[in-house]
Amino acid sequence: MTSLAKDVLLKTVGVKRMFGGLAANDNVSIEIRRGQVHAVLGPNGAGKSTLINLLSGDLACSGGSILYRGQDITHLSPDSRSRMGIGRSYQKTSIFPSFTVFENCRLSAQSRHPRSTAVWSNASTYPRYVEAAEKAMHSTGLISHAYRRASDLSHGEQRQLELAIVLCTEPDVLLLDEPLAGMGLEESARMIALLKTLVQSHAILLVEHDMDAVFSIADVITVMVNGVVLQTGFPDEIRSNSEVQRAYFGH
Ligand code: ADP
Ligand code: MG
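Add 4 to a position in the sequence shown, counting from 1, and you land on the number used in my numbering.
Put into structure tokens, the structure is as follows:
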């Protein structure tokens, strides 16, 4: 195995997903490496969210396979994948609105280790969750909001909390579906800065509409159209490909 191959954490091989007669993903093969932001671009309906759902296990593949650190995980549940290190953010649905930021984070940290749910009575494991929660709150800039109710956070802060909740599971892969959606300029800039820090120790798959954000942060870009990969390349290659420009940028 070359050192480059070792860096691949998550990989799809000819992945396919049918919805009735529609191939939402068809023969999609991508490699997601530690230390890289791998952005997926494409018009609405291109299959980007489907790809994230296939990687997280929220959707089953109709064909092809998914490998995590070389292990076939095609048929594993979302929970198993999360416990292995594949972190996926869920918009809103992962947040308990009436709980504080800290409690949301701590509960997420516990979910990574479900056998020890008796933490309430186990003083030795509890600090681990608190530590993971504090670390995630620090890195997402939420530490000063630790004791606020999640429902009282601004939109941008809630998106940060979604990411914090994922980080509490100590993933090495982050699957992010439009993390900047609905954010103001300042919040976006903060999130981009955070992703730039996180990518040093994670592999990040980023689906994002904000082109400026994508080109400022992506190391590799895959362009999808109608469920298939049009091209995977470095940002400069993607920018200069006329086929990509026609299909995606509309000129
Ligand atoms: P994107 O995220 O790139 O906008 P999606 O992955 O959400 O695209 O959708 C790809 C295609 O699959 C679209 O044509 C969409 O209508 C279809 N699709 C997605 N999810 C479902 C579903 N649960 N049932 C039926 N069709 C779906
Ligand atoms: Mg989508």
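Beta carbons: idealized from backbone N, C-alpha and C, even for Gly. Here the structure is a predicted model, which means the values were calculated and not measured.
Excluding its 5 nearest sequence neighbours in each direction, residue 101 has C-beta neighbours in its own chain below 8 Å: 153, 154, 155, listed in chain order.
Within the DSSP bridge table, the entry for residue 227 names 45, 235 as partners. Per DSSP, reduced to three states, the secondary structure at residue 187 is coil, with no helix or strand assignment. Look at the segment 132–201 and you find these whole runs of alpha helix (DSSP H), each 4 residues long or longer: 159–171. Secondary-structure assignment with DSSP links residue 90 through a beta bridge to 177.
For residue 245, no beta strand (DSSP E) segment is defined, and its DSSP state is neither H nor E. Closer than 7 Å to some heavy atom of the ligand ADP: that does not describe the Cβ of residue 20. Checking the DSSP bridge columns, you'll see residue 215 has no partner listed. Note that the C-beta distance between residue 36 and residue 184 is not below 8 Å. In terms of side-chain proximity, the C-beta atom of residue 176 is found no nearer than 7 Å to any non-hydrogen atom of the ligand MG.
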